[in-house]
């Protein structure tokens, strides 16, 4: 059976993530089955790759992307990456099976499995990346999806806080890593991982080595929770237990040590590496094991023990010894197996008893014998007891601390530190196993404990069996796999033995001392003191912890940013524009001051009097629009539209029909947009006559003079830069490149369109993504926007606002019956115009690759046809009679763009490369040529239509709210009037009754 490609292994979890979202919320079995089958399938496919990997082959798959920048999508799998990918998918499959029984039916399970699969794919992308920039991208994806998984129960404050903390720390470390990768690629001259791994001496001898090393280590240390970045990991225990079992044992926290091992061949071997990595690992090793002894929360204990073991792996990698690196790789495997099983055991205990507090748990072995047996075996592996897998890698660690080549005080202190770690690990392991599963059974638990369903214990049992088999038969079970995984890290493998018994040597003696002293301290000191309540909830925690420093820095940053914002920002648009122009002047002026501005010698064109008249009218309209902006906004908008029309005619005059079409359609859309937006500005109150002092008048005049000078400088500067560019000889322009290659390489004669959908397709893709984000942002903001009360309270006929006619027609008071009165004829004409605008849009879309047109112009034309329906027929009528889903248009467009680009990659061409397809029409006996860029142009069309409709209809809905507000106001006034009339009638009746009684004679006694 031929294994699938690496791209399938990476992309399949992301596809499964999208499928999991659309499954119904009550289909927990279907969702878990989908996730489990994907993880299992990928693990099996990785297993099929093992024969090639074990033979020393490096499997690679490359997709051309931005080749000119040296950025190609490259997937690469050697033995080390294979081992990590097996952990990602193997343990992922077990965690999915466990989560099937752990997650409550009340939880939004599709969201959980969607996030879990997306994280799985992101982690696979990290370990299988063959490009260091691509690795950084997947690295940040793991931070994002871990944030979503940790904060899955977002109704809980601790989950939100833990997720935010994890994202802040690991995300900031990821930015440092990205900077380090950029610097590393600059040193090597390539971002390809193979080239980087082959340039060890070049990197270590470069002056920027220390800087690159520190940046990369910041990313690795923050992700693997090394001191002082450790505090996010215990706070991440608010996540569901399957998340902790997966992220915090085998995947996310292992990403940091994966990075250290991945770049061990090129970054290690120096004094800087030894002191930075080994010292950080030693501090984390000791701190984590010490803190784990005093935790009363089961997940908190495992969190600190995880920190400790990650410090052990980091310390081994920092010793600059090949055998230490092999031991680190071995312990990565061992730690993933016993720690994942222990996290699942904690979830079972919490699930069956209702608590994770060790002080409330006791004697569970009698009530949960199967779970207790599995927990005890996994705990013995964590403690380093002989004949369990944790003992083997820990003994290798002890041996490396004895054989380290370092200053005398390091050689003397490192074995002591290792023994202390061993003692502490025995104590917290006993605290986990003995205090929970032995002793008298507890009776005041929230639930009656019992063993869970057998399938919930199956993943734990499989991992525990691995701990036993590897510990008893290490050479048989893991020998070949370890050699395959360690060889890419160290190169030539050193001699080592995986035998259970190496004789009565010093490492074995250290192991026995750690076990004996740990047992004695636990039973003779720790338990008696804990029984007397000597240790409080978090005893021996320091006042100055990483968490407190983080929270203090976060609060300080928030305070300072608010103070800075209050000083530097203002709600006055004039000041905002002033500082924006000043920064722009500085950015443009410095290069011109340094290099100067050269005017070219290209001869000028001869212009007719009509052209000069056109420009004169355009400038006159622009000046008039600026003048009227303060006094009459509708007139200003009309004049501004005239200026835009002059610009469009200028483009046509200069033989740029594409730009002319775009300018014309954009002008119409933006005019409507501005009219809708300006509608809700505050109304000028002409009755207010403020008292103006002479000092204020002089200040206002000076400000106007300053603004006039700024506007004059900006306009003249843009004109000068434009003239300098246009006066340069045409041969020096990059346009010749596109003119020569548009037809031969892009398959089209319209150079502008070919540039947008082929040569600069990736830029265009980024632009439509930005357009989609803007549309969605405007929509989200306007959903909660409510116009000012003073604006809403004005009667509809008394609003002196720009564009009243058009915006009122967007939702007239007779919106559901538009074909009456003065709107009858426009309504009929506009509805007949819609198919015509659609046909015109299709025409411009289809001709865009060879003639003026394209997806952008076609999208605007089609949007205008729909907007006319809104203007004449009203928002309510259109939405009741025409089914429009702008967000779906946007989603379809973005998906179409991605699929088009992926199609090029699938055929081993750079991203968005255009191909021509020749289709023969049988009945017409004609042959038509279809470019693949047409599908990308379709994506542009869909995003433009969706974004325009989303923005403009969101603004138009404010008019709907205005009409509803006035309708409610009229109803309230009518009800109040009726109530007043009723009260008056009641009062009149009461007065009449009193008068009648007063006129009657007194009743005789």
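Residue numbers (UniProt numbering): 1 to 1005.
Glycine included, every Cβ here is placed at the ideal spot set by N, Cα and C.
Could you tell me the distance, in whole angstroms, from the CA atom of residue 415 to the CA atom of residue 278?
Each residue's alpha carbon lies about 13 Å from the other.
Please list the segments of the alpha helix (DSSP H) lying wholly inside the stretch 742–773, counting only runs of 4 or more residues, in order along the chain.
DSSP runs (the alpha helix (DSSP H)) wholly in the stretch 742–773: 751–754.
Which residue wins for smallest C-alpha separation from residue 898, given the options 913, 886, 884?
Checked all of 913, 886, 884; the closest Cα to residue 898 is 913.
Taking 9 Å as the cut-off, decide whether the C-beta atoms of residue 128 and residue 86 are in contact.
Against a cut-off of 9 Å, the Cβ pair of residue 86 and residue 128 comes out as no contact.
I need the DSSP call for residue 672, collapsed to helix, strand or coil.
It is helical.
For residue 805, I'd like the list of residues in its chain whose CB is within less than 6 Å of its CB, leaving aside the five on either flank, ordered along the chain.
Confidence at residue 805 is low in this model, with a pLDDT of 38, below 50, so its placement is unreliable and no value can be given for it.
Measure the alpha-carbon distance for residue 94 versus residue 923 and round it to whole angstroms.
Looking at the two C-alpha atoms, the distance is approximately 58 Å.
Shortest alpha-carbon distance to residue 256 belongs to which of 235, 21, 229, 338?
Cα-wise, what sits closest to residue 256 is 229.
Helix, strand or coil for residue 975? Go by DSSP, reduced to three states.
Helix at residue 975.
Hey, out of 267, 439, 170, whose CA is closest to residue 236's CA?
With distances taken between Cα atoms, residue 236 lies closest to 170.
Does DSSP put residue 320 in a helix, a strand or coil?
Residue state, collapsed to three classes: coil.
Suppose you measure from the CA of residue 889 to the CA of residue 609; what does that come to, to the nearest Å?
Residue 889 and residue 609: Cα-Cα distance of roughly 46 Å.
From residue 707 to residue 588, what distance separates their C-alpha atoms?
Roughly 19 Å between the two C-alpha positions.
For a test of the three-state rule: what should DSSP assign to residue 512, helix, strand or coil?
Note: residue 512 maps to helix in three-state DSSP.
How long is the line joining the alpha carbons of residue 581 and residue 548, rounded to whole angstroms?
Spanning the two alpha carbons is a distance of roughly 42 Å.
Would you kindly check if the distance between the Cβ of residue 52 and the Cβ of residue 162 is under 9 Å?
Result no, Cβ atoms of residue 162 and residue 52 do not sit closer than 9 Å.
Taking contact to mean 3 or more Cβ pairs, one atom from each stretch, closer than 8 Å, check whether the stretch 325–334 and the stretch 292–308 are in contact.
In short, these stretches do not touch, since the Cβ pair count stays below three.
Does the stretch 53–66 come close enough to the stretch 101–120 to have 3 or more Cβ pairs within less than 8 Å?
Segments in contact, no.
Residue 398 and residue 507 look like a contact to me (Cβ under 8 Å); what is the Cβ gap, rounded to whole Å?
Right, the Cβ-Cβ distance comes to about 4 Å (below 8 Å), so this counts as a contact.
Quick test of the definition: if touching needs 3 or more C-beta pairs under 8 Å, does the stretch 141–151 touch the stretch 175–185?
Flag = no, the stretch 141–151 and the stretch 175–185 do not touch.
Can you name the start and end residues of the beta strand (DSSP E) that residue 916 belongs to?
Unbroken beta strand (DSSP E) run through residue 916: 916–921.
On a CA-only basis, which of 676, 572, 767, 925 is nearest residue 957? Give me that one, please.
Nearest option by C-alpha distance: 676.
Tell me which residues share the same chain as residue 350 and place their Cβ nearer than 7 Å to its Cβ, disregarding the 5 neighbours each side in the sequence.
Answer for residue 350: 241, 356, listed in chain order.
Is the separation between the beta-carbon of residue 1007 and that of residue 646 shorter than 9 Å?
Since the first residue shown for the chain is 1 and the last is 1005, residue 1007 is missing from the structure and cannot be characterised.
Suppose you measure from the CA of residue 664 to the CA of residue 849; what does that come to, to the nearest Å?
For residue 664 and residue 849, the distance between alpha carbons rounds to 20 Å.
Which residue's Cα is closest to the Cα of residue 375: 390, 338, 403, 394?
Closest by alpha carbon: 338.
Can the beta-carbon of residue 901 be found closer than 9 Å to that of residue 946?
No, Cβ-Cβ distance for residue 901 and residue 946 is not below 9 Å.
To which residues of the same chain is residue 74 closer than 6 Å at the C-beta, ignoring the five residues directly before and after it?
So the qualifying residues of the chain are 62, 130, 131.
Ignore the nearest five residues each way along the sequence and tell me which others in residue 417's own chain have a CB closer than 8 Å to its CB.
These residues qualify, in order along the chain: 282, 285, 286, 401.
Terminal residues of the continuous beta strand (DSSP E) containing residue 61?
From DSSP, the beta strand (DSSP E) with residue 61 extends over 59–66.
With a threshold of 16 other CB atoms inside 10 Å of the CB of residue 409, please say whether the residue is buried or exposed.
Exposed is the call here.
Could you check the C-alpha separation between residue 352 and residue 361 for me, to the nearest Å?
In a straight line, the C-alpha of residue 352 is about 12 Å away from that of residue 361.
Quick one, which of 499, 3, 443 has its alpha-carbon nearest residue 50's?
When only C-alpha atoms are compared, the closest one is 3.
Note down the Cα distance separating residue 529 from residue 248, rounded to an integer number of angstroms.
Rounded to the nearest angstrom, the two C-alpha atoms are 31 Å apart.
Drop a sphere of 10 angstroms on the beta-carbon of residue 429, count the other beta-carbons inside from all chains shown, and report buried for 16 or more, exposed for fewer.
Classification for residue 429: buried.
When the Cα atoms are used, what is the spatial distance from residue 524 to residue 425?
Rounded to the nearest angstrom, the two C-alpha atoms are 16 Å apart.
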